[in-house]
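Asker:
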Amino acid sequence: MSIPSFSSLIKSSSYWSRLTVVRWQFLSSILILVFASRWLRIEYGHDDSNMWLVMNLFLRVVQLTIIGLFIISVTSAVVTWAYFLSIEKSKRAVIQVKFGDGQKAEAGWVPLSVTIIGPVVRPFLGTIQARLIFSEKRMSERIILDTDVTRSRRLWRQAISGNGQTMLHDRGIYDTEKVLVLFCDMLGLISLPCRISHSQQLYTLPQSHKEQVVKAQPHSTEEQKHRIDIPRRVEGELVNYKEFETGDNIQRIVWKIYAKSGQLVVRIPEMKDPYASHLYFYVSYFHGFDLKDGVFETELLNVYKDHVRSLFEALQRNGSEVRMPNDQEVPRLAGLGDKNVGLFQITAASWQNKNVPSAFVNYSKAAFICLSSLTPASELKIIARNLSPSVPLVIVKLSSAIPSPFQMNIKHIFFRPEKQPADKLRQPWLISSFRKTLKNNEEEIATVLAQRGNCWLTDSIHLEL
800 MSIPSFSSLI
810 KSSSYWSRLT
820 VVRWQFLSSI
830 LILVFASRWL
840 RIEYGHDDSN
850 MWLVMNLFLR
860 VVQLTIIGLF
870 IISVTSAVVT
880 WAYFLSIEKS
890 KRAVIQVKFG
900 DGQKAEAGWV
910 PLSVTIIGPV
920 VRPFLGTIQA
930 RLIFSEKRMS
940 ERIILDTDVT
950 RSRRLWRQAI
960 SGNGQTMLHD
970 RGIYDTEKVL
980 VLFCDMLGLI
990 SLPCRISHSQ
1000 QLYTLPQSHK
1010 EQVVKAQPHS
1020 TEEQKHRIDI
1030 PRRVEGELVN
1040 YKEFETGDNI
1050 QRIVWKIYAK
1060 SGQLVVRIPE
1070 MKDPYASHLY
1080 FYVSYFHGFD
1090 LKDGVFETEL
1100 LNVYKDHVRS
1110 LFEALQRNGS
1120 EVRMPNDQEV
1130 PRLAGLGDKN
1140 VGLFQITAAS
1150 WQNKNVPSAF
1160 VNYSKAAFIC
1170 LSSLTPASEL
1180 KIIARNLSPS
1190 VPLVIVKLSS
1200 AIPSPFQMNI
1210 KHIFFRPEKQ
1220 PADKLRQPWL
1230 ISSFRKTLKN
1240 NEEEIATVLA
1250 QRGNCWLTDS
1260 IHLEL
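As structure tokens, this is what we get:
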């Protein structure tokens, strides 16, 4: 039986804490009422004066009023929740969800809208909220369904809907498994859930950073199956001529030149190169550690994908077609255009420990190689020995991917920085044993790279290559 890692426990506790029915307001209200009543009875309960009689009567009125409000609030939520369960079971409630552009969005705050079609009733002065439940214990933010959707000439609404934004921080494929509909009472005491199956898929792209200038040359030129005409600055009509030879097309003879000089010359036809140079960009997601499905591993993958996207787009600006061989099987997504294949390939990748980079890289074709510092130093030694010195080699340093909680900036004294989802990982990451192991591996990598030029161990995406 495997013991879950520290980062896996953080991920699981964050997920289950969002599914609690009784909210903290309910518990804190009960505790305050109980302690306040006991304190007043201990202090003034033995006093037979008229002051205590009036105070005792007032306390009872307050208690009954609060209890009555609690009962009305909770009962309203329970009744509407039970009614919704009945119409959902009879298939009279249909849920529609739209996020991003319907298929993809850049990681971060993504537009989200949820609509429930059917005779849904809200709790008295309460709200109906919705969350999306994704695979791998991920969940969206709450969306309040506060808009009525009506038909013309009808008083009763057809549906209720809500629009908002949800934080989809992880770069990857989000498979929606269920929609969690929550019935919240007017006092915010309870949140009654109803899970409805809903299948939909969205993928979030790595975040785009400042443009870089990365120079790389194709290491090989190959003929394509389908010939592609690429205009070149080569010999062409009205530019160069040559003497007429046997087999030349007589229609290309320049008669004006023959009339002046008596020399037969023909135009050289414009040439288009039916070959294309392909720049092979090798990216490995190999790790040499015992990784779990936890928050640390996921955040390191997010940061690594941002670096890879930045390098990939910089290489595309060189004008050559960039090819990225896969070191793992990537799922296919319907309706994906050819222009988005590269970015989707980066998005859908995950850490793997089967295809080692020393065997994955084709040294005769590689024009650029990017690895993470999760790659063992022994693998880097093999690659550095077999790779041509002219091929750039970048190793992304991940030990500093999650900033230290003590990291400060002068501008933060005057302006509070925007909170990021990874901020809650700063302190656990600082004391994590995984971080110490990773730093030791990076020190060994630095020693290996010191013997080779044209290579970088960096945690900054602003590379000048």
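Using the numbering used here, the letters of the sequence shown map in sequence onto residues 800 to 1264.
Backbone N, C-alpha and C define an ideal beta-carbon position, used for all residues, glycine too.
Please classify residue 1153 as buried or exposed, where buried requires at least 16 neighbouring CB atoms within 10 angstroms.
Answerer: exposed
Asker: Measure the alpha-carbon distance for residue 1248 versus residue 1163 and round it to whole angstroms.
Answerer: 20 Å
Asker: Report the option in 958, 1043, 927, 972 whose CA atom is closest to the CA atom of residue 935.
Answerer: 972
Asker: Would you report the Cα separation of residue 1240 and residue 1176, rounded to the nearest angstrom?
Answerer: 7 Å
Asker: Pick helix, strand or coil for residue 861, following the three-state DSSP scheme.
Answerer: Residue state, collapsed to three classes: helix.
Asker: Going by DSSP in three states, residue 1095 sits in which element: helix, strand or coil?
Answerer: helix
Asker: Tell me whether residue 1030 is buried or exposed, calling it buried when 16 or more other Cβ atoms sit within 10 Å of its Cβ.
Answerer: Note on residue 1030: pLDDT 42, under 50, position unreliable in the model; no value is reported.
Asker: In chain order, what residues of the same chain lie with their CB nearer than 6 Å to the CB of residue 1195, ignoring the 5 residues before and after it?
Answerer: In the same chain as residue 1195, and ignoring 5 residues on each side of it, the C-beta atoms closer than 6 Å to its own belong to 1103, 1106, 1171, in chain order.
Asker: Cα-Cα, which of 968, 941, 995 is closest to residue 1219?
Answerer: Comparing alpha carbon positions, the residue from 968, 941, 995 closest to residue 1219 is 968.
Asker: Within a Cβ cutoff of 7 Å, which residues of the same chain sit near residue 1043, ignoring the five residues on either side of it in sequence?
Answerer: Closer than 7 Å at the Cβ level, and outside the excluded window around residue 1043, lie 1052, 1063, 1064, 1065.
Asker: Just how far apart, CA to CA, sit residue 995 and residue 1165?
Answerer: 48 Å
Asker: Counting C-beta neighbours from all protein chains within 10 Å, is the total for residue 1252 16 or more, i.e. buried, or is it exposed?
Answerer: exposed
Asker: Please list the terminal residues of the continuous alpha helix (DSSP H) segment that includes residue 1227.
Answerer: 1225-1229
Asker: I believe residue 1203 touches residue 1237 by the beta-carbon criterion, under 8 Å. Please report the beta-carbon distance rounded to the nearest angstrom.
Answerer: 14 Å between Cβ atoms; not a contact.
Asker: For residue 911, count neighbouring Cβ atoms within 10 angstroms of its own Cβ and tell me buried if that reaches 16, exposed if not.
Answerer: buried
Asker: Taking 8 Å as the limit between beta carbons, can you name the residues of its chain near residue 950, skipping five residues before and five after?
Answerer: 957
Asker: For residue 1081, does the three-state DSSP call read helix, strand or coil?
Answerer: strand
Asker: Quick one: give me the first and last residue of the alpha helix (DSSP H) that residue 1156 is part of.
Answerer: 1156-1159
Asker: By the 10 Å Cβ neighbour count, where 16 or more other Cβ atoms means buried, how is residue 1128 classified, buried or exposed?
Answerer: Residue 1128 sits exposed, since fewer than 16 C-beta atoms from the chains shown fall within 10 Å of its C-beta.
Asker: Since residue 1112 and residue 1200 are thought to touch, with beta carbons under 8 Å apart, how far apart are those beta carbons, to the nearest angstrom?
Answerer: About 20 Å separates the two Cβ atoms, so there is no contact after all.
Asker: Please classify residue 1259 as buried or exposed, where buried requires at least 16 neighbouring CB atoms within 10 angstroms.
Answerer: exposed
Asker: Nearest CA to the CA of residue 1143: which residue from 993, 1005, 931, 982?
Answerer: 1005
Asker: One question on the structure: do residue 875 and residue 925 come within less than 9 Å of each other, judged by their Cβ atoms?
Answerer: Their beta carbons are under 9 Å apart, which means residue 875 touches residue 925 by this criterion.
Asker: Anyone know if the C-beta pair for residue 751 and residue 1002 falls short of 9 Å?
Answerer: In the structure displayed, the chain extends from 800 to 1264; residue 751 sits before or after that span and is not available.
Asker: Suppose the cutoff is 6 Å on Cβ atoms and the five residues either side in sequence are ignored; what does the same chain contact list for residue 1115 look like?
Answerer: 1121
Asker: Which residues does DSSP list as the beta-bridge partners of residue 1183?
Answerer: Residue 1183 pairs with nothing; no bridge assigned.
Asker: Report the rounded CA-to-CA distance for residue 1160 versus residue 965, giving the unit in angstroms.
Answerer: The alpha-carbon separation between residue 1160 and residue 965 amounts to approximately 38 Å.
Asker: Taking residue 1002 as part of the beta strand (DSSP E), name the residues at either end of that continuous run.
Answerer: 990-1004
Asker: Tell me, to the nearest whole angstrom, how far the beta carbon of residue 941 is from that of residue 928; I am working on the premise that it is less than 8 Å.
Answerer: 5 Å
Asker: Please tell me whether residue 905 has its Cβ less than 9 Å away from any Cβ of chain B.
Answerer: Annotation note: the requested chain B is absent from the structure, which comprises a single protein chain.
Asker: Looking only at its own chain, which residues have a Cβ that is under 6 Å from the Cβ of residue 923, when we skip the five neighbours before and after it?
Answerer: 875
Asker: With the cut-off set at 9 Å, would you say residue 975 and residue 921 are in Cβ contact?
Answerer: Contact annotation: residue 975 and residue 921 have beta-carbon atoms that are not nearer than 9 Å.
Asker: Does the separation of the CB atoms of residue 1254 and residue 1155 fall below 9 Å?
Answerer: no
Asker: What three-state label does DSSP hand residue 944 in the structure shown?
Answerer: coil
Asker: Do residue 1234 and residue 1101 count as a contact pair if the criterion is CB distance below 9 Å?
Answerer: With respect to the 9 Å criterion, residue 1101 and residue 1234 are not classified as neighbours on the basis of their beta carbons.
Asker: In the DSSP assignment, the beta strand (DSSP E) including residue 1143 goes from what residue to what residue?
Answerer: No beta strand (DSSP E) contains residue 1143, which is instead part of the alpha helix (DSSP H) from 1140-1147.
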